[in-house]
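Notes follow the structure.
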Amino acid sequence: MEYICILFSCFPEPRMPDMVGWKTSSIRRELDLRMPLRRSLDGYKYIVNVEYCSPVSSDGPHFPSRAARAKEAAQSTPNMENTNEYHQMMEEEMIRGLQRVGWKKVDVNFHASLWPYSAHNNMHVKNEWLHNAGAGVIAHVADSMKQTCLPSNL
361 MEYICILFSC FPEPRMPDMV GWKTSSIRRE LDLRMPLRRS LDGYKYIVNV
411 EYCSPVSSDG PHFPSRAARA KEAAQSTPNM ENTNEYHQMM EEEMIRGLQR
461 VGWKKVDVNF HASLWPYSAH NNMHVKNEWL HNAGAGVIAH VADSMKQTCL
511 PSNL
């Protein structure tokens with residue numbers, strides 16, 4: 361079991377390793393994940409979708425007392441059922457908290473790049489000649505920042 365945990369921490373996207381954070385860094389529930397698009401947006405290679413998510417209002421913390429009981433059960437009697445129940449509650453609480461601020465969701469798919477299974481290295485452009493697939497992502501970030509900052513400077 362420890363090996364599987366280490367494996368998932370090193371390779372967080374075992375089903376879609378060419379997708380950076382397709383599930384792990386998304387503010388999306390498992391049910392909200394759809395199959396990744398493969399066609400890039402005009403002007404930005406490998407960026408397949410951009411969507412602005414408005415903030416969702418919330419009435420303070422929603423951490424229910426049953427979540428504390430689920431945590432206690434997962435720690436005192438660790439089994440798949442207890443652990444899954446607790447993780448689902450925590451995931452829901454994190455999503456609810458993160459949705460309180462607006463954010464831009466940018467889906468990136470390196471399926472057609474030279475090194476599709478090296479998505480994190482591509483995203484960081486660790487080596488320009490080897491991981492240059494991330495250049496379009498960086499250009500998109502720069503252009504988005506220009507659009508955000510430009511009106512305030514006028």
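Position 121, counted from 1, in the sequence shown is what the working numbering calls 481; the numbers after and before it change by one each time, with no gaps. We put the CB at the ideal spot given by N, CA and C, even for glycine. The structure displayed is predicted, hence computed values, not measured ones.
Quick check for students: name the residue ranges of the beta strand (DSSP E) that lie wholly in the stretch 418-470, counting only runs of 3 or more. 463-468
Looking only at DSSP bridge pairs, what is residue 390 linked to? DSSP, once it has assigned bridges, lists no residue as partnering residue 390.
Just tell me which of 413, 490 and 475 has its CA closest to the CA of residue 459. 413
Strictly by DSSP, which residues pair up with residue 411? 465
Just to confirm the assignment, what range does the alpha helix (DSSP H) spanning residue 492 have? Per DSSP, residue 492 belongs to no alpha helix (DSSP H) and is neither H nor E.
Spatial neighbours of residue 434 within its chain, please: C-beta separation below 6 angstroms, excluding the five flanking residues on both sides. 442, 443 and 446
Please list, in chain order, all residues of the same chain as residue 470 whose beta carbon is under 6 angstroms from its beta carbon, the five residues on each side excluded. 378, 406, 476, 479, 482 and 493
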